[in-house]
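Enquirer:
So, in structure tokens, the structure goes:
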């Protein structure tokens, strides 16, 4: 089955700096890669996703890059703000058949004002 | 409703009791997923329903866990003879048939005394 590794487990940055979180996956059949943000006690919320026919996707301060050959993808947050502080999860799934997500173990991002 | 609804939001029960957790997906979403999130951990897939197809139960950790989905909408996750290791947040997600992304509910926080 799929295995998703995520690092770092914790990340502390100064407000305004960039943050990068990296994930690797094992199953070449995976071709859908979402990122979820989870604030304490809240539901995971999708912030950006990418499919394997695209190498990069941006949405304002957030971007995701995907390297299918190397089986890794990354989340980039620029101009970080204190409200970006949360736990971020990457995930992977195939786009056909069982589409259950396999999640990474999460990165706790702390943005220091 | 506007989003995935789960009930109860919190459940405290004694070891050995049975519990039922409910999920009401987004209207029109035919795919429904259950995940479990233990304290400080990532999300672990439990079971997947898609339309009238047989559910994918491959993530259920033991035969004490079962789930139903009646009428293609509301789902109930049942845990029999609860154990302390069942303590976790149980999250439900739904999506349109054959598509991502998945949208999560707020979860049920289950505590086994």
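Chains as they are written, first to last, in the numbering used here: chain V, 2 to 114; chain E, 785 to 897. All C-beta atoms in this analysis are idealised placements derived from N, C-alpha and C, irrespective of residue type, glycine included.
If you count every other CB in all the chains shown that lies within 10 Å of the CB of residue 788(E), and 16 or more means buried, which is it?
Expert: Taking the second chain and counting its residues from 1, one reaches residue 788(E) at position 4. It is buried - the Cβ of residue 788(E) has at least 16 other Cβ atoms within 10 Å.
Enquirer: Enumerate, from N- to C-terminal direction, the unbroken beta strand (DSSP E) stretches of 3 or more residues contained entirely within the stretch 821-856 of chain E.
Expert: Those beta strand (DSSP E) runs which fall completely within the stretch 821-856 of chain E and span 3+ residues are 827-834, 849-853.
Enquirer: For residue 891(E), go through chain V and note every residue whose CB falls closer than 8 Å to its CB, in chain order.
Expert: Taking the second chain and counting its residues from 1, the one referred to as residue 891(E) is at position 107. 44, listed in chain order.
Enquirer: Who pairs with residue 57(V) in a beta bridge, going by DSSP?
Expert: Position 56 of the first chain holds residue 57(V). Residue 57(V) is bridged to 66(V).
Enquirer: Starting from residue 106(V), find everything on chain E with Cβ-Cβ shorter than 7 Å and list it in chain order.
Expert: Position 105 of the first chain, counted from the first residue, corresponds to residue 106(V). Chain E residues near residue 106(V): 825, 826.
Enquirer: When you compare only the Cα positions, how much space is there between residue 840(E) and residue 814(E)?
Expert: Counted from its first residue, the second chain places residue 840(E) at position 56. Counted from its first residue, the second chain places residue 814(E) at position 30. Cα to Cα, the separation comes out at about 14 Å.
Enquirer: So, is the C-beta of residue 809(E) closer than 8 Å to a C-beta in chain V?
Expert: Stepping through the second chain from its first residue, residue 809(E) is reached at position 25. So no, residue 809(E) is outside the interface.
Enquirer: Name the chain E residues whose beta carbon is nearer than 9 Å to that of residue 35(V)?
Expert: Here residue 35(V) refers to the residue found at position 34 of the first chain. Ordered by position in chain E, the residues that pass the 9 Å Cβ test against residue 35(V) are 884, 885, 886.
Enquirer: Name, please, each residue of chain V whose Cβ falls closer than 8 Å to the Cβ of residue 815(E).
Expert: Mapped onto the second chain, residue 815(E) falls at position 31. Under the 8 Å cutoff, chain V gives 100.
Enquirer: Using a C-beta cutoff of 8 Å, does residue 74(V) count as contacting chain E?
Expert: Here residue 74(V) refers to the residue found at position 73 when the first chain is read from its first residue. By this cut-off, residue 74(V) is not an interface position.
Enquirer: Does residue 103(V) have its Cβ less than 8 Å from a Cβ in chain E?
Expert: Stepping through the first chain from its first residue, residue 103(V) is reached at position 102. So yes, residue 103(V) belongs to the interface.
Enquirer: Are residue 93(V) and residue 37(V) touching if we call contact CB-CB under 8 Å?
Expert: Here residue 93(V) refers to the residue found at position 92 when the first chain is read from its first residue. Here residue 37(V) refers to the residue found at position 36 when the first chain is read from its first residue. No, Cβ-Cβ distance for residue 93(V) and residue 37(V) is not below 8 Å.
Enquirer: Is the beta carbon of residue 861(E) sitting closer than 8 Å to the one on residue 799(E)?
Expert: Taking the second chain and counting its residues from 1, the one referred to as residue 861(E) is at position 77. Taking the second chain and counting its residues from 1, the one referred to as residue 799(E) is at position 15. In this structure, residue 799(E) does not lie closer than 8 Å to residue 861(E) by Cβ.
Enquirer: Give the C-beta separation of residue 22(V) and residue 7(V) to the nearest angstrom, bearing in mind that I take them to be a contact with Cβ-Cβ under 8 Å.
Expert: In the first chain, counting from the first residue as 1, residue 22(V) sits at position 21. In the first chain, counting from the first residue as 1, residue 7(V) sits at position 6. About 7 Å separates the two Cβ atoms, so the contact holds.
Enquirer: Could one say the Cβ of residue 829(E) lies closer than 8 Å to chain V's Cβ atoms, at least one of them?
Expert: The count along the second chain starts at 1 and reaches residue 829(E) at position 45. Yes, contact with chain V.
Enquirer: Taking Cβ positions only, does residue 85(V) come closer than 8 Å to chain B?
Expert: Absence of chain B from the displayed structure is noted, the protein chains being V and E.
Enquirer: Step through the CB atoms of chain E and report whether any lies within less than 8 Å of the CB of residue 47(V).
Expert: The residue you call residue 47(V) lines up with position 46 of the first chain. With 8 Å as the cut-off, residue 47(V) counts as an interface residue toward chain E.
Enquirer: Going by the C-beta, is residue 818(E) closer than 7 Å to any heavy atom of the ligand HEM?
Expert: Judged by which ligands are present, the structure shown has none, so any question about the ligand HEM falls away.
Enquirer: Can you grab the Cα-Cα spacing for the pair residue 791(E) / residue 889(E), in whole Å?
Expert: On the second chain, residue 791(E) is found 7 positions in, with the first residue counted as 1. On the second chain, residue 889(E) is found 105 positions in, with the first residue counted as 1. Distance between the alpha carbons of residue 791(E) and residue 889(E) is about 10 Å.
Enquirer: Quick one: is residue 96(V) near chain E, going by C-beta distance under 8 Å?
Expert: For the purposes of this step, residue 96(V) is taken as the residue at position 95 of the first chain. Closer than 8 Å: yes.
Enquirer: Identify whether residue 111(V) lies in helix, strand or coil by the three-state DSSP scheme.
Expert: Position 110 of the first chain, counted from the first residue, corresponds to residue 111(V). Note: residue 111(V) maps to strand in three-state DSSP.
Enquirer: Quick one: what does DSSP say residue 868(E) is sitting in, helix, strand or coil?
Expert: As a first step, residue 868(E) must be located in the second chain, where it is residue number 84. Helix at residue 868(E).
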